Amino acid sequence: MKIVLKNVDVIHPEEKINLKGVSVLLNNGLISKIGELSSDESKDAREFDFSGNILVPGLYDMHVHLREPGREDEETVISGCNSAASGGFTGVACMPNTEPAIDTAEVVKFIKEQASNHLVDVYPVAAASLGRKGEIISPMAELVEAGAVAFSDDGVAIKTSSVLRRAFEYSSMYNVSIIEHCEDESLAEGAMNEGVNSTLLGLPGVPSVAEDIIVSRDILMAEYTGGRIHIAHISTKNSVNLVREAKKKGIKVTAEVTPHHFTLTDDSLKSYDTNFKMNPPLRTQEDVDAIIKGLKDGTIDCIASDHAPHSIEEKESEFQFAPNGIVGFETTVGLSFSELLKKNKLSIEELIKKLCMNPRKILNLPIPKFDSGELANFTIIDPNLVWTVDISKYKSKSKNSPFDKKLLTGKSVAVINRKKMFHEDQWLDLSTA
Amino acid sequence: MALSSRHLLGLQGVPKEDIQTILDTAHTFREILERPIKKVPTLQGKTIVNLFYESSTRTRISFELAEKRLSADAINFSISGSSVSKGETFKDTVRNIEAMKIDMVVVRHSAAGTPLYLTKICNANVINAGDGTHEHPTQALLDMYSIRQKVGNLEGLKVCILGDISHSRVALSNIFGLKTMGAKVSVCGPSTMIPRDIKNLGVDVIYNIDEAIQENDVLNVLRIQLERKAREYFPSIREYAKYFGITQDRLDKNGKEILILHPGPINRGVELSSEVADGSNQIILYQVTNGVAIRMAVLYLLGTLN
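Structure below.
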């Protein structure tokens, strides 16, 4: 199938491409030409008009929970990929806190197999320790060979410094990152950020220092072992400062932030709405300001949704008993564009790097190229589309979001990858005649 | 005369007029409690469910007595632990009870915010009888009523809350209520038991018990939890009693008339010596009696609002 994406602004920050209102010709899902097309070239092609929209390399979400295997009632690889595509992502890295955990080659292969016919590329992050128990490191060589792109005990930090050391040393052989959920468990028996709001609400608090301590530990260990550390969902001012200083020293550290951590503060919890319950918890305005500063100066490399679907039954409960996390795929682009681009915190190029290039670099994955003959891997975004979040329309199986009914500016309108296209709620096979 | 809300979830944000109304109404019921026949027909035909998800003796009995003295039909539902462990969600339990046509719910729960959640899933009037470490409004109201009866005006009065402030719903409700009524509130206790941000609530922090006695007109002494978890916050019971316990010697040394309250149950020899617990400064059992009157007042004011 031949298609033309018309009148679109093509941006590829890495290849220094910035073209206004051009046409993109695809043949069989491969890039044929980007630029002005002759009538001959566009002959018989199905046309899509993307006036006023931008076309960028497919966005990548490096921190998501697809819940399969184990909690298929909340999400499956397929439903998660549908949600990702709907949100504008063509690739995801899924976390290993499934049941069983992703700690064998079989589970890695199982997950990849589920997604094998999907538009979205799925790369599992394997457990750093067996069963995520923090006792013995996982079979990392075998896991990498099966397709794991990083290691993490996400949900918790690697329990002890000795296991962390071995994980760094062993993973270094394959130049793979350890992704850490930074939280000192002994300080973290709480339901929200510790501060004046937790005192007022009578909820047990998780102090910001619980995160900072593990960030410090991990940075020191990365320096000592020469391993690569990636700080997941950074949420505190001090952690941002620690990462900034470590980068200056040349330590191999990278960091991600979720849209909710640069958008919301713990003031949102006053209604005890469990949709605002997440881990790390929403912090204070001071932390949000530090995160935005960290995004601007490059301390924070990327934006990841921490897509965490939960059943209504579990979320509809007393606040302290509700699980942590929110459905993230379908609001990440909208929140990033509304909060960062529209408020002039990041340029479009900087934002695309954080949503596309940097996560792939951290995971050693190739960045989609815009040369002719390459597989088309695109996200097309309307940066000015004002829309209202409606959880009832989510592709995700779960509906737990604090952003329902929120007005956002900027939305993915189409994704193309693996010879498939998702546009206006339709799946198109680009390889057919 | 009517309250501005149809629920009593806490004292944060409750206007002064409402607190005044509750205290004044309680005074009327307090007189009834001294009569030979202590029952009035005020809430006849109303059904009130005491939904206790956490064990409680005195608060539940106090509410139940208040309900019966107002001629309401009182139903007790007690279950320990979370709804999750029981297999039925809290929401389903509440919906089931509500389907039996009830008018008011008195709720105690280990999770903060549950009374507010209850208002979103059922239509009854909700009274918070203690939610986690959040609020316990009727306890603070009966404390304020007792203080007012003993010393007159709450305005300008210096009140210190002593003990484990971090894990106390009584402390938080007292802070909100007393400050609304114009009292000057401080807290005293080991620093591990005082929230880091408590000063943002407009209270002073004192770490020295003698200073707390000297500086204040009223001491509201909280119970120290002796279970394992709470015990991690201070080195030993002996050390707590020595540095934060109220003894007669300590009161005499500071040579000052001070009113002592305690929400009960007392750990004798820990936060209060037996001499003080039975002495002339304390009004502990007076508080208990007033508790019934306060709860009658709250039930009456909310129950006749609809």
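Chains as they are written, first to last, in the numbering used here: chain A, 1 to 433; chain B, 1001 to 1306.
The C-beta atom is built at its ideal place from N, Cα and C for all residues, glycine as well.
Computed from a predicted model, the values in this text were never measured in an experiment.
Within the region 199 to 220 of chain A, the residues whose Cβ lies closer than 9 Å to any Cβ of chain B are, in chain order, Thr199, Leu200, Leu201, Gly202, Leu203, Pro204, Gly205 and Pro207. By the rule that beta-carbons nearer than 8 Å mark a contact, Glu1135(B) touches chain A. Per DSSP, the unbroken alpha helix (DSSP H) holding Arg1148(B) starts and ends at Pro1137 to Val1151.
Within the region 314 to 334 of chain A, the residues whose Cβ lies closer than 8 Å to some Cβ of chain B are Glu316, Ser317, Glu318, Phe319, Gln320 and Phe321, listed in chain order. Between Met1100(B) and Asn1125(B) a beta carbon distance of about 16 Å is seen, past the 8 Å cut, so the two are scored as non-contacting. Close CB contacts of Ala1074(B) within its chain, under the 7 Å cut and outside five residues either way in sequence, are with Ile1048, Asn1050, Glu1064, Glu1067 and Lys1068 (chain order).
In the pairwise beta carbon analysis, the region 52 to 66 of chain A is classified as touching the region 375 to 390 of chain A: at least three pairs are separated by under 8 Å. Residue pairing for Met1104(B): DSSP places it in a beta bridge opposite Ile1048(B) and Asn1125(B). Closest by C-alpha distance to Tyr1243(B), out of Phe1176(B), Thr1089(B), Ile1175(B) and Pro1190(B), is Pro1190(B).
For Cys81(A), the uninterrupted alpha helix (DSSP H) run begins and ends at Val77 to Gly87, by DSSP. A direct Cα-Cα distance of roughly 13 Å separates Asp371(A) from Ile11(A). Neighbourhood of Gly195(A) in chain B, by CB distance below 7 Å: Asp1197, in chain order.
Inclusion of Glu99(A) and Arg132(A) in the CB contact set at 8 Å is not warranted, their separation being larger than that value. With at least 16 other beta carbons inside 10 angstroms of its own, Met62(A) counts as buried. Collapsing the DSSP output to three states places Ala210(A) in a helix. Apart from the 5 residues on each side of it in sequence, Ser1280(B) has no Cβ closer than 6 Å to any other Cβ in its chain. Sequence-distant partners of Ile1206(B) (beyond 5 residues in either direction) whose C-beta falls short of 6 Å from its own C-beta, in its chain, are Ser1186, Cys1188 and Ala1212.
Thr254(A) is not a Cβ neighbour of Asp218(A), given a cutoff of 8 Å.
Each of Asp121(A), Leu203(A) and Asp306(A) was checked against the Cα of Ile231(A), and the nearest Cα belongs to Asp306(A). With fewer than 16 other Cβ atoms from the protein chains shown falling within 10 Å of its own Cβ, Met173(A) counts as exposed. Residue range Phe378 to Thr388 is occupied by the beta strand (DSSP E) that includes Pro383(A). Ile1037(B) and Val1288(B) have their C-alpha atoms spaced approximately 19 Å apart. Per DSSP, Tyr1233(B) lies in no alpha helix (DSSP H) and is assigned neither H nor E. For Phe151(A), the pairing in a beta bridge is given by DSSP as Ala126(A) and Ile178(A). In this structure, the alpha-carbon of Ser396(A) lies about 9 Å from that of Ile78(A). For Glu339(A) and His181(A), the gap between their C-alpha atoms comes out near 24 Å. Note that the C-beta distance between Lys369(A) and Gly29(A) is not below 8 Å. Where Gln426(A) is concerned, the enclosing beta strand (DSSP E) starts and stops at Gln426 to Asp429. Contact annotation, Ala1026(B) with Tyr1145(B): C-beta distance approximately 5 Å; criterion of less than 8 Å satisfied. At a C-beta separation below 9 Å, His1109(B) has these neighbours in chain A: Glu318. Residue pairing for Cys302(A): DSSP places it in a beta bridge opposite Glu256(A). Between the region 255 to 267 of chain A and the region 179 to 198 of chain A there are three or more C-beta pairs closer than 8 Å, enough to call the two in contact. The three-state reading of DSSP puts Leu37(A) in coil, since its state is none of H, G, I, E or B.
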